[in-house]
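My numbering applies: residue 548 is where the sequence shown begins, and numbers increase by one.
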Amino acid sequence: MTPGVRPLIAGNWKMHGTVAEAAALAGAVRDGAVGGLPADLLVCPTFLHVAGVAALLAGSPVAVGAQDCHAAAKGAHTGDVAAPMLRDAGATHVILGHSERRADHGETDATVRAKAEAAAAAGLTPIVCVGETEAERLAGRAEAVVEAQLAGSLPDGFAGVVAPAGGAGIIAYEPVWAIGTGRTPTEADIAAIHGTIRARLAARFGAAGQGMRILYGGSMKPGNARAILALPNVDGGLVGGASLVAADFLAIARAAG
Ligand code: PEP
548 MTPGVRPLIA GNWKMHGTVA EAAALAGAVR DGAVGGLPAD LLVCPTFLHV
598 AGVAALLAGS PVAVGAQDCH AAAKGAHTGD VAAPMLRDAG ATHVILGHSE
648 RRADHGETDA TVRAKAEAAA AAGLTPIVCV GETEAERLAG RAEAVVEAQL
698 AGSLPDGFAG VVAPAGGAGI IAYEPVWAIG TGRTPTEADI AAIHGTIRAR
748 LAARFGAAGQ GMRILYGGSM KPGNARAILA LPNVDGGLVG GASLVAADFL
798 AIARAAG
């Protein structure tokens with residue numbers, strides 16, 4: 548963790564859940580957060596469920612985010628959703644550049660950067676994902692890949708995002724090979740990459756970069772969360788599979804204390 552930075556535990560619900568299931572999961576997370584937790588909580592359902600989950604969580608300490616947005620504020624883009632629409636529906640955050648978006652939809656660093664600008668302009672806090680593939684790690688290129696993604700994906704205003712939920716954008720380091728696989732990097736490898744990310748943020752954004760949250764994502768579970776969250780420059784988690792079970796998600800949040 549970074550001294551003085553409150554951790555964030557964010558759930559990426561991906562393409563899961565009916566309306567009723569999303570409501571039940573959100574309600575269970577909300578109820579579990581009563582009494583306080585040592586981390587901020589965020590849940591990111593599909594576009595379809597953002598408004599309903601936001602309404603259900605209104606007045607609770609659990610924030611709502613989306614999993615993507617378009618780079619334009621409106622227009623002829625069939626099937627897409629704009630950042631101002633998400634803000635209007637009650638979202639405060641948006642995940643951008645997740646490796647599944649980069650792989651499934653060909654998103655480039657430039658795409659992600661444009662989306663992050665659009666999100667910030669709409670008052671959403673962007674959570675920009677970076678991370679190497681297994682081949683890149685085995686080739687000794689993990690740090691170089693992540694540094695290049697950071698340089699290309701973050702807009703200049705990333706440190707000073709005009710957002711209701713926080714003053715700066717958020718980074719999620721997610722090694723592609725650790726997502727949904729049950730495998731994680733060693734603690735030393737996580738600490739090394741997070742240290743590199745911190746150095747790049749500080750070099751580019753100065754003092755603001757020192758306080759920006761850097762989340763770890765990739766097979767975070769109740770059993771490994773405490774050790775990962777204790778590492779330097781790990782300021783929370785972006786959680787996929789385990790965020791679909793309220794008890795596991797809440798256990799991860801408790802492990803941040
Ligand atoms: C993710 O896709 O953001 C993720 C971290 O997934 P999982 O926790 O299931 O590895």
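A virtual CB, placed ideally from N, CA and C, is assigned to each residue, including glycine.
Looking at the DSSP output, L762 bridges to A719.
The shortest C-alpha to C-alpha distance from H563 to any of R577, L589, F594 is the one to F594. Annotated three-state conformation of T658 is helix, per DSSP.
Using a 10 angstroms sphere on the CB of A794, the tally of other CB atoms stays under 16, which defines it as exposed. Look at T549 here: in three-state DSSP terms it is coil, with no helix or strand label. Look at V781 here: in three-state DSSP terms it is coil, with no helix or strand label.
Short note on C676: C-beta closer than 8 Å to some heavy atom of the ligand PEP.
When the five nearest sequence neighbours on each side are left out, the beta carbons in the same chain lying within less than 7 Å of the beta carbon of R747 are those of E694, L697, in order along the chain. By the criterion of a C-beta distance shorter than 7 Å, I740 is surrounded in its chain by A689, E690, V693, Y720, once the five residues flanking it on both sides are discounted. For L604, the enclosing alpha helix (DSSP H) starts and ends at 594-604. In this structure, A618 sits away from A557, with a CB-CB distance that is not shorter than 9 Å.
With a 10 Å radius around the Cβ and a threshold of 16 neighbouring Cβ atoms, D651 comes out exposed.
In the DSSP annotation of this structure, the continuous segment of the beta strand (DSSP E) that includes A613 starts and ends at 609-613.
Between H645 and C676, the CB-CB gap stays under 9 Å.
For the set L776, G765, G670, I744, the Cα lying nearest the Cα of D635 is the one of G670. For N559, the shortest C-beta to heavy atom distance toward the ligand PEP is below 8 Å. The shortest CA-to-CA distance from T655 to any of T672, H624, G678, T639 is the one to G678. Here the C-alpha atom of I775 lies approximately 10 Å from the C-alpha atom of K768.
Under the 10 Å beta carbon count, V581 is surrounded by fewer than 16 other beta carbons and is classified as exposed. A772 and K561 have their alpha carbons spaced roughly 20 Å apart. Annotation for G765 indicates a beta carbon within 8 Å of some heavy atom of the ligand PEP. Only exposed fits A567, as fewer than 16 other CB atoms lie within 10 angstroms of its CB. Each residue's CA atom was taken as its position, placing I761 and L797 some 19 Å apart. In this structure, DSSP gives D635 a helical state, which the three-state scheme calls helix.
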